[in-house]
Every structure is written in C-alpha cells, then in structure tokens.
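One structure below.
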Amino acid sequence: MKHHPGTVAGRALTGEESKALDQDGVICLRGALDAVWVQRVRDALDQAAADPTWIGRYISRRKEGLYHDHFVWLKNRVIRELWFRSPLADIAAQAMGSRRVNLFYDEVFCKFPGSTLPTPWHQDAAAWPVSGEHIINVWVTADRVTKENGALEFVRGSHRWGKKYRVETAEYNANLLAADLDWCPDVEANRDEYDIIRWDMEPGDVLVFGPKIVHGAGGASLTRGRRAVALRFTGDDARYDPRPHTMPLLRKHGLSKGDPMGGPLFPEILPDPPADISSVKVPHDVGALLGTFREQAAMEVLRALNPRRFQRTQGRDG
C-alpha cells in the first residue's frame with residue numbers, strides 16, 4: 021500500500037497469521053510497537069486517566085478500580101498520533117484486506133491493582149453503529165498482561181457462529197441490554213465447553229480481532245494492573261448503521277444511515293490522511309446527548325420495574 025508521508029508501514033502479516041485470523045477470529049502480533057511507542061502509549065494512558073474526557077468521567081468506575089474512556093484521540097495528542105503515525109493502521113489494512121482505513125473510535129481500559137471488576141463475555145458487533153466486513157480491533161497493552169491481571173480471552177471461532185448477542189458491559193448499561201437479542205452464552209460458568217484462547221503479552225504486543233468474536237477478561241491482581249487501548253478501524257465496505265440500542269456517538273459526525281464511514285469524527289488514515297491532525301475539532305451533538313440521557317433514564321426505570329428483562333438470571337445480577 022502507498023503511504024502518505026507521516027504514516028508508517030507495519031510489518032507484513034504472514035500467511036499463517038492471516039489464516040489464523042480468518043479461522044480463529046483473533047491473532048497476537050508480537051512486538052508490533054517498538055519501545056519508544058510503548059513508553060509514549062504508557063505515558064498517554066496515565067495522562068488520560070488523570071485527565072479523562074467527560075465520557076470517561078461518566079462511565080469509569082473508579083471505586084472498583086476501572087478507568088474507562090472513549091474517543092480519547094480528540095483530547096490526547098499521543099493517542100491521536102498512535103492512530104495516524106504508528107504502524108497500526110497498516111496492520112489493520114492488512115487484517116481487513118482493505119485499501120481504505122478510517123478511524124472509528126478508541127476505547128481505553130485501565131484496570132488498577134486490586135480491581136475485581138471483570139469484563140463480561142460479549143461481542144462488540146451488536147453495540148456498534150456500523151455494518152460491513154471491514155471492521156477490526158487492534159488492542160494495545162502498555163503493561164505485561166497475564167490471566168492474573170486481566171488478559172483478554174476469546175472463544176476460538178465464535179465469529180463464525182452467525183449470531184449477534186445483546187451487549188453486556190461492565191456496568192450492565194440498560195440502554196444497550198434492552199436489545200431484542202439473545203444473551204451471550206455464559207462462557208465463564210461453562211469454560212470446559214468452549215475452546216478458550218489467550219496470550220500472555222508484553223508491552224508492544226497487540227491483539228487483532230473482529231467485532232463478532234466472543235471475548236471477555238477478568239479483573240486485575242492485587243499487585244499488578246493493566247493499561248490498554250483498543251483502536252477500532254473500518255475499511256472499504258463499512259457503512260454507518262445506527263440501529264436501535266447501539267452505542268450513541270454524541271458528536272456531530274454528519275453521516276446518514278448507509279453512508280461510508282468518514283467525516284470529521286471518522287477521518288481517513290490510509291491512503292490519504294488529513295494534512296494536519298493536530299487541531300481536529302468535532303462539536304458535541306447536544307440533541308443526541310439529551311436524547312441519550314433521556315433514553316438511558318427511561319431504560320433504568322424499566323429495569324427497576326421489570327428486572328428480569330435485563331438480567332441473565334436473578335442469581336447473576338440480583
């Protein structure tokens with residue numbers, strides 16, 4: 021792929037890696053980021069945790085040891101450069117088999133030492149207002165990661181099940197849970213029935229996986245937390261698809277249903293990124309903000325009146 025000045029080519033995926041991504045749904049690429057990038061990401065995540073976006077202040081669960089945030093690139097210069105100046109966009113292009121690569125959004129997960137908050141087993145697909153085959157996650161860790169401090173785990177091949185499941189988040193967001201979809205299988209209670217894969221990871225390693233694979237993670241150990249950021253990329257065939265109970269975007273993106281991903285909130289990275297990435301401004305959509313808060317409040321009332329609708333079992337959430 022021809023690269024715009026400033027973008028960096030990633031290492032070529034091997035045939036074996038491409039086959040594993042297709043068959044298993046996830047791969048781990050060792051050393052995708054060098055030590056300089058690792059330190060920059062580590063510092064950026066610490067900075068983000070100390071000065072979160074307004075979304076991060078709303079969705080984080082600090083008392084339970086979790087900093088969680090979205091669209092950090094709009095505020096944090098290093099995360100913005102990770103999108104536009106690191107090898108990750110080129111790796112995403114190869115993984116998707118796409119000429120064009122757009123930024124979708126980033127999501128930061130910092131589980132601090134002692135956090136017992138798990139990431140429930142889930143899919144990403146049902147939560148995202150985007151459709152198409154060219155959609156990919158690149159999950160970057162700034163710390164050594166093992167099962168003991170929250171390594172991501174995946175059900176091998178679950179992206180081929182042909183199912184979408186309702187969205188379970190750490191905070192069990194009622195607005196997303198209300199979707200008329202089946203619950204994700206209770207993998208944690210039936211681990212022996214599934215082919216679960218995970219990797220111990222070093223800083224600079226990345227996971228690459230699509231939105232349909234079922235995955236989850238445990239909490240952090242008492243002595244070690246883990247800081248990570250997931251970059252979500254879209255490609256040639258991705259379209260804006262704001263279905264009911266998908267993630268609200270809350271900013272003026274200018275897209276209508278069926279439009280290719282693009283515009284100020286989802287800028288192109290490859291092959292033609294913006295000439296200047298230092299001053300991207302995307303205003304908030306006040307109407308969407310108010311509508312989302314109203315809908316969430318209404319869903320919480322329904323959850324209080326009819327909790328079984330929002331619970332997998334009474335024993336699990338009650």
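To convert, count from 1 in the sequence shown and add 20; that's the numbering used here. Where a beta carbon is used, it is the ideal one built from N, C-alpha and C, also for glycine. These numbers come from a predicted model, not from an experiment.
{"Check": "Backbone secondary structure at I217 - three-state DSSP", "Outcome": "strand"}
{"Check": "G177, DSSP secondary structure in three states", "Outcome": "coil"}
{"Check": "Check whether Q114 and L49 have beta carbons under 7 Å apart", "Outcome": "no"}
{"Check": "Unbroken stretches of the beta strand (DSSP E), 3 residues or longer, contained in the region 241-287", "Outcome": "246-254"}
{"Check": "Simplified DSSP assignment, three categories, for K167", "Outcome": "helix"}
{"Check": "Residues that W159 bridges to, as DSSP identifies them", "Outcome": "L227 and A250"}
{"Check": "Whole-number beta carbon distance between G152 and D257, since they are thought to touch under 8 Å", "Outcome": "4 Å"}
{"Check": "With 16 other Cβ atoms within 10 Å as the buried cut-off, status of L270", "Outcome": "buried"}
{"Check": "Cβ-Cβ distance between H179 and G230 below 7 Å", "Outcome": "yes"}
{"Check": "A70, DSSP secondary structure in three states", "Outcome": "helix"}
{"Check": "Delimiting residues of the alpha helix (DSSP H) encompassing F104", "Outcome": "R97 to R105"}
{"Check": "Contiguous beta strand (DSSP E) assignments of at least 3 residues, all confined to the region 122-151", "Outcome": "139-142"}
{"Check": "The region 97-116 contacting the region 29-47, beta-carbon criterion three pairs below 8 Å", "Outcome": "yes"}
{"Check": "Inter-residue spacing [alpha-carbon to alpha-carbon] between L108 and G134", "Outcome": "31 Å"}
{"Check": "Per-residue DSSP class, three states only, for E37", "Outcome": "helix"}
{"Check": "Buried versus exposed call for Y78 [16 or more other C-beta atoms within 10 Å across all chains shown]", "Outcome": "exposed"}
{"Check": "Same chain, Cβ closer than 6 Å to Y87, five either side skipped, listed in chain order", "Outcome": "A69, S80 and C130"}
{"Check": "Backbone secondary structure at L65 - three-state DSSP", "Outcome": "helix"}
{"Check": "Own chain residues within Cβ distance below 7 Å of K22, not counting five before or after", "Outcome": "Residue placement at K22 is poorly supported in this model, since its pLDDT is 47, which falls under 50; the coordinates still yield a value, given next. P291."}
{"Check": "Counted within 10 angstroms of its Cβ, other Cβ atoms place E222 as buried (16 or more) or exposed", "Outcome": "exposed"}
{"Check": "Of the residues H273, P280 and T254, the one placed nearest V121, counting alpha carbons only", "Outcome": "T254"}
{"Check": "Classification of L242 by the beta-carbon crowding that lies within 10 angstroms, buried from 16 upward", "Outcome": "exposed"}
{"Check": "Endpoints, the beta strand (DSSP E) within which A209 is located", "Outcome": "Looking at the DSSP string, A209 is not in any beta strand (DSSP E), and its letter there is neither H nor E."}
{"Check": "Same chain, Cβ closer than 8 Å to I289, five either side skipped, listed in chain order", "Outcome": "T27, W103, F104, A109, V121, N122, L123 and F253"}
{"Check": "D163 versus Q67: straight-line alpha-carbon distance, rounded", "Outcome": "15 Å"}
{"Check": "Candidates R97, D220 and W148: closest to P264 by CA position", "Outcome": "W148"}
{"Check": "Backbone CA spacing between E168 and Q43 [nearest angstrom]", "Outcome": "27 Å"}
{"Check": "For G30 and H235, the rounded distance between their alpha carbons", "Outcome": "25 Å"}
{"Check": "Candidates E188, G170 and M267: closest to G239 by CA position", "Outcome": "G170"}
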